[in-house]
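Protein chains in written order, with my numbering: chain A, 1 to 594; chain B, 1 to 594.
No residue lacks a Cβ here, since even glycine has one placed at the ideal position from N, Cα and C.
Note that the structure is predicted; figures quoted are calculated from it, not measured.
Right under this line is the structure:
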């Protein structure tokens, strides 16, 4: 069997209980001699006899001493947790035995079972490169140099392949799976991870936050805020869930879908309560592809003018997904909304189930006219790209308000209130508003500006990346990026320049997964309902006699709004709404001219 | 009587027929000696004996020899027409006797009767300054220096006071009328003007165009395109009809309101025809205050980058009025529109009754979703600022499409077609579209860009005017202007700078006739229905050590779109969508510091 290729030495040792203990004794000294620090780690583990499952497997591949780390994988959550804590400077070895009921059925595979923790320690060539795919663990270190897509493969190191393969559909071929199979070294034990979470410090409100994809660039761990590498962003029209930017204000709440209730208040009939089942069965399932963008996307560029308050987002606090759920309009109508309500009410407030230590929940509101418009496409979404919403994205139900700043797309939605007033939340009243460049923290009056709803026209260059090089011999540079506008305004043109704006090149636009605009089978969105971004690409001749290239882009939407030229005049103390022309500087590598 | 004050010498001579002829002989030599060219003009007139009415009056004020021009006023349309043509280099003396039926009842006033032609020759201090008011003719030359509003009064010279007094409500006081009465020198004979029009060259399709206000700055006479002086624009939240910018593509059609029919096609029920009476009585009268802006507003700034094709508009091809009429939505519903229609149709085409020599009518279309939206406020308007639509603005019925470029607000509306397709007209297909700065007439593909509908955020400075001076001793400068955005997006802030953008001053906004924002009694417009501009004003300290001041403004709307910094990157071959920061340079006058 091909997948046994790596298991010819000591490898592929499937042993039970005491048998494994004996093996560990036998191999430990030799391993310690060649595995360096990993051997030490292994020894500490080896001292423990706390084997929860009693049925785990160990694997050993003599060609990669680091694989020893996997040798004792499966000794259970307690050990792994102790290790994790010792890595973060806490030497406490934890305790709580898992209850029998939480132990999953034994894997029938003869390969060792690894925790995600084990896997994620293998994410470079020194430690080896492990990945997971559909529950299997693969050591692909040897394959790195053979990967047709180059070292982009390293972005998956230590994590799951699925989001990358979703991004690069070329992998959906049988021979790719055959190649992968050759590198299988074990099975992933997700249950261990669950147990680790249970025994982790209960005082940390973030302890139950879900696992995240290792490729994400973390701006804040608690609450979790992270963006994907920009180059990945534009390799796929639809952003895979795992790579979709994460913007949490509070810990991710644990919501039981069986007991979940959505409360609706403020309508003449009185309160209404809907279960997840109600939302899925009583209303038509409506699907919308919509781009969400954080108000703080590209904030780092404002920081380069003058320091602002807020997470230092790059250009990737924006992503695109296909969302499905009940239309808010349909739900409100069923709950008793009539046009007469609009004579008084002006807003629809959303309240999340995520809460801070005082019990205050996240909240925001949108204009009623947006909520009830038959063209507004506001969803109470329960699916993201065809799957249940991931925990980070609002499981089980979130608001998706197409064309509107991310902050109003309230996740883990617990309550909807039709109201005369906007949400009283901090995030509606004293955050997510735009101000003049001359307004500072001494003079700011948050009442003087409207809460951000629709966002302005935006675009940014994802390829080439800042600081990289292009070869002179190529004679041209291919520039890629994204463009989007709020309010359902369709992007109609992106201009790219490499000569400081003397000449502008009109980029080609991609408005679906299928390819260039016009070649897709899908008709263009109706006026005012262009909720999804367009990806752009322009191939531009390299200007002569330049050693450095400043590439700039600007987009235009169908209300012919354009991006401002520069950052300073739109600078604001919260660093939101950063949508000046995007600029990337790259070197021109002259070597290849010789 | 006070109004006789100016009539004490030879003045106030009211004579009939042959009596006047004798007077002319008597005074002519003396007048010729002191009146220069006017005397010659008078002599040519004096040679004619063609006196149509036989009942006109002459007036003479010895203090202003130029008044001789008025001495023979009232000799009828033929003479006046002959004079007009000789002024434009055509010496033809015309002919056609007016029919008895067109002769109006004789004025019972004892003052002379003047043609508008006579009046309009008096529009500077050299020739004297005449104005008309409610049918009276006033020589206000002596009053100019006493006018509390300064020499702005000269903008009314040679024309009617009414639009200016509508603009400056301070004149609505009895004592103002008393002052005016002192300067009365005659009566206006509007019938003469009508007769002049009848005898004018019948081959000129513009011969029946209406009279226009003399203060308008004409960009094109035929078709008539003109804008008001910018400083006037922001003295009134509502632009008086006579000063509202005029943008005609073709001659103004003569439409008989009694036989007027509006045809509606493309709905399942078949064609529907509505009279003006139907529109006024079968549908609720809906009133909307909406700003209209020509796509070419501020085109002159693009010309200063590189020549474009189009009328050289300044900053005042924008105005604000209150429109009343039937809602297009109501009319379409009554004509058989149902939501099912929207499954196929996407556009509503408008066809004007104005046509070129080939019979081609003006046409444009708007998205169906805008036309039928209960929040779209699209009107079939028959009133402008409480009056019947003026001929230049579409009498008897026009489309008013709030938030949408002027070109889609079709005037003299003859037909509406609900359609799968946009209007096939030149103006929809091959004009009024935006392109990249690098697109030229050799490369332009009009199919590649969407027809302009909603316009982007806009603002401009009306005061101080370019090239004027401010006094150093004032220590500050008051900057006024307008700001507006398309698509019902509300202007939320205007920033003004006088130091090149180092510091920005937040202007105060006026969102109604009543005054500053917040002080008005009217509630703010609902989200997405902010159709009217805001006027702004900022008082900014003069920076030291500058002899020249560049004042710049930029506006922000509630989708937080902003204006681009500079013109060149938005330059386009048609010179439309010119909305970069507006810049005005003024001198700082240091004299008053001494």
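6 Å CB neighbourhood of residue 241 of chain B in its chain, flanking five on each side removed:
Answer for residue 241 of chain B: 384, 385, 390, listed in chain order.
Three-state secondary structure (DSSP) at residue 304 of chain B?
Coil.
Quick one: what's got a C-beta closer than 8 Å to residue 420 of chain A's C-beta in the same chain, skipping five residues either side?
344, 345, 346, 347
Let me check one thing: in DSSP terms, what residues is residue 551 of chain B bridge-paired to?
B/584
Could you tell me if residue 595 of chain A is buried or exposed, where buried requires 16 or more neighbouring beta carbons within 10 angstroms of its beta carbon?
This structure cannot speak to residue 595 of chain A, because chain A is shown only from 1 to 594.
Write down every uninterrupted run of the alpha helix (DSSP H) in the segment 334-408 of chain B whose length is 4 residues or greater and which is fully enclosed by it, in chain order.
Correct list: 368-372.
Hey, does residue 543 of chain A have any beta-carbon neighbour from chain B nearer than 9 Å?
no
Judging by CA-CA distance, which residue of B/146, B/406, B/179 is the nearest neighbour of residue 138 of chain B?
B/179
Outcome for residue 656 of chain A when other beta-carbon atoms lying within 10 angstroms are tallied against a minimum of 16
Only positions 1 to 594 of chain A appear in this structure, which leaves residue 656 of chain A out of reach.
For residue 430 of chain B and residue 586 of chain B, the rounded distance between their alpha carbons:
39 Å
Would you report the Cα separation of residue 310 of chain B and residue 225 of chain B, rounded to the nearest angstrom?
So the two alpha carbons sit approximately 11 Å from each other.
Going by the beta-carbon positions, is the gap between residue 457 of chain A and residue 307 of chain A smaller than 9 Å?
no
Compute the distance between the beta-carbons of residue 400 of chain B and residue 295 of chain B, then report whether it is under 9 Å.
no
Same chain only: Cβ atoms within 6 Å of residue 269 of chain A, ignoring 5 sequence neighbours per side
336
Selection from A/185, A/158, A/187 that minimises the alpha carbon distance to residue 212 of chain A:
A/158
For the segment 531-562 of chain A, which residues have a CB atom closer than 8 Å to at least one CB atom of chain B, in sequence order?
554, 556, 558, 559, 560, 561, 562
How close, in whole Å, do the beta carbons of residue 352 of chain B and residue 411 of chain B come, if the pair is a contact with beta carbons under 8 Å?
6 Å
Which of the three DSSP states, helix, strand or coil, is assigned to residue 466 of chain A?
coil
Those residues which DSSP pairs with residue 476 of chain B across a bridge
B/541
Chain B residues whose Cβ lies nearer than 9 Å to that of residue 605 of chain A
The question about residue 605 of chain A has no answer here: the residues shown for chain A are numbered 1 through 594.
Simplified DSSP state of residue 211 of chain B, which is helix, strand or coil:
Per DSSP, reduced to three states, the secondary structure at residue 211 of chain B is coil, with no helix or strand assignment.
Identify each residue in the segment 480-497 of chain A for which the Cβ-Cβ distance to at least one residue of chain B is less than 7 Å, and report them in chain order.
486, 487, 492, 493, 495
So, for residue 265 of chain B: in the same chain, excluding its five sequence neighbours on each side, which residues have a beta-carbon less than 6 Å away from its beta-carbon?
271, 417
Could you name the residues of chain B that residue 372 of chain A contacts, counting a contact when the two beta carbons are closer than 9 Å?
In chain order: nothing, as chain B lies at least about 11 Å away.
What does residue 325 of chain B pair with, by DSSP beta-bridge criteria?
DSSP output for residue 325 of chain B lists B/286, B/381 as bridge partner(s).
Once the 5 residues before and after residue 393 of chain B are set aside, which same chain residues still bring their CB inside 6 Å of it?
So the list reads 384, once near-sequence residues are dropped.
Ordered along the chain, which non-local residues of its own chain (more than five positions away) have a Cβ less than 7 Å from that of residue 569 of chain B?
Excluding residues up to 5 positions away in sequence, 437 lie with their Cβ nearer than 7 Å to the Cβ of residue 569 of chain B in the same chain.
Have a look at residue 546 of chain A and residue 538 of chain A and give me their C-alpha separation to the nearest angstrom.
19 Å
Near residue 135 of chain A, what residues of its chain come up, given a Cβ to Cβ distance below 7 Å and the 5 sequence neighbours on each side ignored?
The answer, listed in chain order, is 187, 188.
Between which two residues does the alpha helix (DSSP H) containing residue 181 of chain A stretch?
The continuous alpha helix (DSSP H) containing residue 181 of chain A extends over residues 174-181.
Work out the CA separation of residue 494 of chain B and residue 304 of chain B for me, nearest whole Å.
25 Å
Under the three-state reduction of DSSP, which class applies to residue 151 of chain A: helix, strand or coil?
Helix.
Paired residues, beta bridge with residue 596 of chain A - DSSP:
Limits of chain A in this structure are 1 at one end and 594 at the other, which puts residue 596 of chain A out of reach.
If you count every other CB in all the chains shown that lies within 10 Å of the CB of residue 441 of chain B, and 16 or more means buried, which is it?
Counting the other CB atoms within 10 Å of its CB gives residue 441 of chain B a total below 16, which places it among the exposed residues.
Counting pairs of Cβ atoms below 8 Å between the segment 366-376 of chain A and the segment 320-334 of chain A, do you hit three or more?
yes
Rounding to the nearest angstrom, what Cα-Cα distance links residue 231 of chain B and residue 503 of chain B in this structure?
25 Å
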